[in-house]
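Novice:
Protein chains in written order, with my numbering: chain V, 2 to 108; chain Z, 16 to 134.
Rendered as structure tokens:
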């Protein structure tokens, strides 16, 4: 089956810093999403981005489908950005999540 | 607002006692998914319904069953919960982006989850 990797596994930042999270996948996909999981376990949709670049406020994402990776950029990080960030890829009718990046933003 | 609702948010059951988790949606999406997420792990797909077609992941235990009586509702039944089934259970929906034999998935939307404790 398809393999999904995320890096780094853990990231600690000072408030105001910028960061880049990476998602690599081993095969062609028809869907890619980035999620933020809050402390209560809710998965919040950040981006639906099978290809190209999107921006939403301080967050932006880029997927290069031909090279099988996606990047999530967080600028001017805030303490409320803390949590786990997952990428999930879809192929056919199935979805596979990466292992996540745990982000801690310190005040 | 259109949304995905899961009830209950917290469920406590006893070892071996059947339990049912429910999910409803007002998005009118034709695909519904159930995921299991254990502590410090990624969500893992258990099964999904494409309309009324049930699709089971190969490694989903037989202890887990699902029902979808209509478009809006989907249930997860755990017939004999074990201690290893304690987890967060997440329901998600999406609208099919393909058709016919070329089914593929569009953006997923998740409910808040049900946290299951097994005593």
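We treat Cβ as the ideally placed atom computed from N, Cα and C, and that holds for glycine.
Along the chain, where does the beta strand (DSSP E) containing residue 44 (chain Z) start, and where does it finish?
Specialist: As a first step, residue 44 (chain Z) is located in the second chain; it is residue number 29 there, counting from the start. Careful: residue 44 (chain Z) lies outside any beta strand (DSSP E) and carries neither H nor E.
Novice: Compare the C-alpha of residue 121 (chain Z) against each of Z:45, Z:30 and Z:53 and name the closest.
Specialist: Against the second chain, residue 121 (chain Z) aligns to sequence position 106. When each option's Cα is compared against that of residue 121 (chain Z), the closest is Z:45.
Novice: Alpha carbon to alpha carbon, how far is residue 73 (chain V) from residue 60 (chain V)? Give it in angstroms, no decimals.
Specialist: Residue numbering aside, residue 60 (chain V) sits at position 59 when the first chain is read from its first letter. Residue numbering aside, residue 73 (chain V) sits at position 72 when the first chain is read from its first letter. Cα to Cα, the separation comes out at about 7 Å.
Novice: Tell me which same chain residues have a C-beta within less than 8 Å of the C-beta of residue 70 (chain Z), skipping the five on either side of it?
Specialist: Residue mapping note: residue 70 (chain Z) aligns to position 55 of the second chain, counting from 1. Within the same chain, residue 70 (chain Z) has close Cβ partners 62, 63 and 64.
Novice: For the beta strand (DSSP E) containing residue 30 (chain V), list its first residue and its last residue.
Specialist: Residue numbering aside, residue 30 (chain V) sits at position 29 when the first chain is read from its first letter. Neither: residue 30 (chain V) is in no beta strand (DSSP E) and is coded neither H nor E.
Novice: In or out: residue 129 (chain Z) buried (at least 16 other Cβ within 10 Å) or exposed?
Specialist: For this step, residue 129 (chain Z) is matched to residue 114 along the second chain. Counting Cβ neighbours within 10 Å, residue 129 (chain Z) comes out buried, since at least 16 surround it.
Novice: What are the start and end residues of the beta strand (DSSP E) that includes residue 90 (chain Z)?
Specialist: The residue labelled residue 90 (chain Z) in the question sits at position 75 within the second chain. Here the beta strand (DSSP E) through residue 90 (chain Z) covers 88-93.
Novice: Could you name the residues of the same chain whose beta carbon sits closer than 6 Å to that of residue 36 (chain Z), not counting the 5 residues immediately before and after it, in chain order?
Specialist: Along the second chain, one-based indexing puts residue 36 (chain Z) at 21. 91, 104 and 129.
Novice: Where do the N-terminal and C-terminal ends of the beta strand (DSSP E) with residue 122 (chain Z) fall, by residue?
Specialist: Numbered from 1 along the second chain, position 107 holds the residue referred to as residue 122 (chain Z). That residue, residue 122 (chain Z), is in no beta strand (DSSP E); it is neither H nor E in DSSP.
Novice: List the residues of chain Z that residue 98 (chain V) touches, going by C-beta distances under 7 Å, in chain order.
Specialist: Reading the first chain from its first residue, position 97 is the one you call residue 98 (chain V). The contacting residues are 57 and 58.
Novice: Using the Cα positions of residue 110 (chain Z) and residue 95 (chain V), report the straight-line distance between them to the nearest angstrom.
Specialist: Taking the second chain and counting its residues from 1, one reaches residue 110 (chain Z) at position 95. Taking the first chain and counting its residues from 1, one reaches residue 95 (chain V) at position 94. Their backbone Cα atoms lie some 13 Å apart in a straight line.
Novice: Return yes when the Cβ of residue 54 (chain V) is within less than 8 Å of the Cβ of residue 66 (chain V), no when it is not.
Specialist: By one-based count along the first chain, residue 66 (chain V) stands at place 65. By one-based count along the first chain, residue 54 (chain V) stands at place 53. For residue 66 (chain V) and residue 54 (chain V), no; Cβs fall outside 8 Å.
Novice: When you check each C-beta in the segment 34-47 of chain V against every C-beta of chain Z, which residues fall closer than 9 Å?
Specialist: Flagged, chain order: 34, 36, 38, 41, 42, 43, 44, 45 and 46.
Novice: Distance, Cα to Cα, residue 49 (chain V) vs residue 12 (chain V)?
Specialist: Counted from its first residue, the first chain places residue 49 (chain V) at position 48. Counted from its first residue, the first chain places residue 12 (chain V) at position 11. Roughly 23 Å separates the two Cα atoms.
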